[in-house]
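Enquirer:
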Amino acid sequence: MTLRILPAPAGSGVVFRRVDLDGFEVEAIGRNVARVSYATSLMKKSVLISTTEHLLSALIGTGIDNAILELDNLELPILDGSAQPFVEAILKSGIRKQRRPRTYLRMRREIEIREGDKFIAVYPAESYSLSYTINFPHPLIGRETFSVDLSNGSYFREIAAARTFGFLHEADAMRQQGLIRGASHDNAIVLTRDGIMNPPLRFKDEFVRHKVLDLIGDLALLGHQILGRVVADRAGHAMHTAMVSRILRDRSLWEETTVEDEMESSPDAAPMAAQQMA
Ligand SMILES: [Zn+2]
33 MTLRILPAPA GSGVVFRRVD LDGFEVEAIG RNVARVSYAT SLMKKSVLIS
83 TTEHLLSALI GTGIDNAILE LDNLELPILD GSAQPFVEAI LKSGIRKQRR
133 PRTYLRMRRE IEIREGDKFI AVYPAESYSL SYTINFPHPL IGRETFSVDL
183 SNGSYFREIA AARTFGFLHE ADAMRQQGLI RGASHDNAIV LTRDGIMNPP
233 LRFKDEFVRH KVLDLIGDLA LLGHQILGRV VADRAGHAMH TAMVSRILRD
283 RSLWEETTVE DEMESSPDAA PMAAQQMA
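Under the numbering used here, the first residue of the sequence shown is numbered 33, with each subsequent residue one higher.
Right, here's the structure in full:
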């Protein structure tokens with residue numbers, strides 16, 4: 033399994049390219065969201081791109097607006113279950129500023145979605161911030177809230193390294209459904225009934241930080257960096273992507289705007305390759 037991240041012209045956005053299917057391209061944008069359960073998948077004309085959220089999160093975190101993501105199969109490498117390996121590879125390869133101001137999606141009005149005790153909302157703000165609350169019935173988790181403003185480089189320090197997590201007893205069932213293929217102690221925090229199988233945690237509240245990482249990756253499907261304040265409580269990929277669809281559908285909620293003296297970014301010409309064991 034190989035992923036290559038290539039530069040793209042200003043204004044082209046983020047596009048997946050299946051090199052195993054004659055270079056068929058699937059734009060990383062809300063209208064291509066396919067099915068969403070344990071991970072977010074895109075589909076266009078029956079061509080699938082699976083588990084997009086960690087890489088798209090890394091692109092937002094590193095400020096990449098334009099890139100081609102070349103894949104030779106339908107699933108993105110899970111690597112260590114966080115966004116850190118993507119971030120490191122992008123920073124190592126280099127980021128080029130392009131001669132065109134970045135277009136932000138600036139929220140003009142609030143939008144809230146409630147579903148039972150689940151909640152997600154986006155409010156107008158002058159920077160991009162997120163606050164996530166989870167309430168997970170496990171002795172190491174329980175109720176956790178994490179808030180972060182992405183405008184000051186905190187993505188690298190506080191979000192990128194947080195790994196995905198799952199219960200040991202769910203892993204086998206998920207593998208049988210073809211989900212989290214190859215999930216192991218190397219690419220997820222594995223929870224047992226009262227502890228974890230592969231300590232130590234990278235952060236005491238790594239679980240909720242990973243939910244923020246996922247949320248950033250799912251909201252990346254808006255196609256622009258956001259100026260807004262996001263609040264989520266026990267949401268998941270389905271609600272994240274429902275929010276993307278609602279925002280994209282209602283043009284009265286937001287406007288496109290540029291910030292003076294700011295340019296877009298694209299990874300530099302050196303392609304990066306991330307490999308994963310099967
Ligand atoms: Zn995740």
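Quick reminder that beta carbons are idealized off the backbone N, C-alpha and C, glycines included.
None of these values were measured; they are calculated from a predicted model.
1. Distance check for I248 and R63, CA to CA, integer angstroms please.
2. Going by beta-carbon coordinates alone, are V65 and T273 separated by less than 7 Å?
3. Compute the Euclidean distance between the alpha carbons of P39 and I173, then round it to the nearest angstrom.
4. Quick one: is E144 buried, meaning 16 or more other Cβ sit within 10 Å of its Cβ, or exposed?
5. Which same chain residues end up closer than 6 Å to S277 when comparing Cβ atoms and leaving out the 5 residues on each side of it in sequence?
6. Can you name the start and end residues of the beta strand (DSSP E) that L223 belongs to?
7. Is any heavy atom of ligand 1 found at a distance shorter than 6 Å from the C-beta of T196?
8. Please state whether DSSP places V47 in a helix, a strand or coil.
9. Specify the secondary structure class of K243 as computed by DSSP and reduced to three states.
10. Whole angstroms is fine: what's the gap from L233's alpha carbon to V263's?
11. Grab the span of the beta strand (DSSP E) containing E142 for me, first residue to last.
12. What's the C-alpha gap between E202 and Y70?
13. In this structure, what does DSSP give as the bridge partners for T290?
14. What residues in its chain sit with their C-beta under 6 Å from that of A153, if we drop five residues either side in the sequence?
15. Can you give the Cα-Cα distance for L80 and S114, rounded to whole angstroms?
16. Identify whether Q257 lies in helix, strand or coil by the three-state DSSP scheme.
17. Quick check: the Cα distance between L259 and F178, rounded to an integer number of angstroms?
18. Please tell me whether L101 and F168 are closer than 7 Å, where the distance is taken between their beta carbons.
19. How should T83 be labelled, buried or exposed, when 16 other C-beta atoms within 10 angstroms of its C-beta is the threshold for buried?
20. Between the C-alpha atoms of R67 and F235, what's the straight-line distance to the nearest angstrom?
21. Shortest alpha-carbon distance to I37 belongs to which of R140, F199, R132, V119?
22. For T34, report the span of its beta strand (DSSP E) as first-last.
23. What residue range does the alpha helix (DSSP H) around R278 cover?
24. Could you tell me the alpha carbon to alpha carbon distance between L285 and H242, rounded to whole angstroms?
25. For the alpha helix (DSSP H) holding A90, just list the boundary residues, first then last.
26. Take the Cβ of M229 as the centre, count every other Cβ of all protein chains shown within 10 Å, and call the residue buried at 16 or more, exposed below.
27. Going by beta carbon distance, what residues of the same chain come within less than 6 Å of I221, once the five residues before and after it are set aside?
28. So if DSSP puts G174 in a beta bridge, which residue, or which two residues, is it bridged to?
29. Pairs of beta-carbons, one from the region 92 to 110 and one from the region 291 to 301, closer than 8 Å: are there three or more?
Expert: According to the data block:
1. Approximately 17 Å, taken between the alpha carbons.
2. yes
3. 39 Å
4. exposed
5. G62
6. 221 to 223
7. yes
8. strand
9. K243 carries a helical assignment under DSSP once its states are collapsed to helix, strand and coil.
10. A direct Cα-Cα distance of roughly 25 Å separates L233 from V263.
11. Looking at the DSSP string, E142 is not in any beta strand (DSSP E), and its letter there is neither H nor E.
12. 11 Å
13. DSSP links T290 through a beta bridge to T135.
14. Answer for A153: E144, V263, listed in chain order.
15. 22 Å
16. coil
17. 19 Å
18. no
19. buried
20. 30 Å
21. V119
22. 34 to 39
23. 269 to 281
24. 27 Å
25. Taken as a continuous stretch (DSSP letters only), the alpha helix (DSSP H) holding A90 covers 85 to 94.
26. exposed
27. R195, F197, I228
28. According to the DSSP secondary-structure assignment, G174 is paired through a beta bridge with F168.
29. yes
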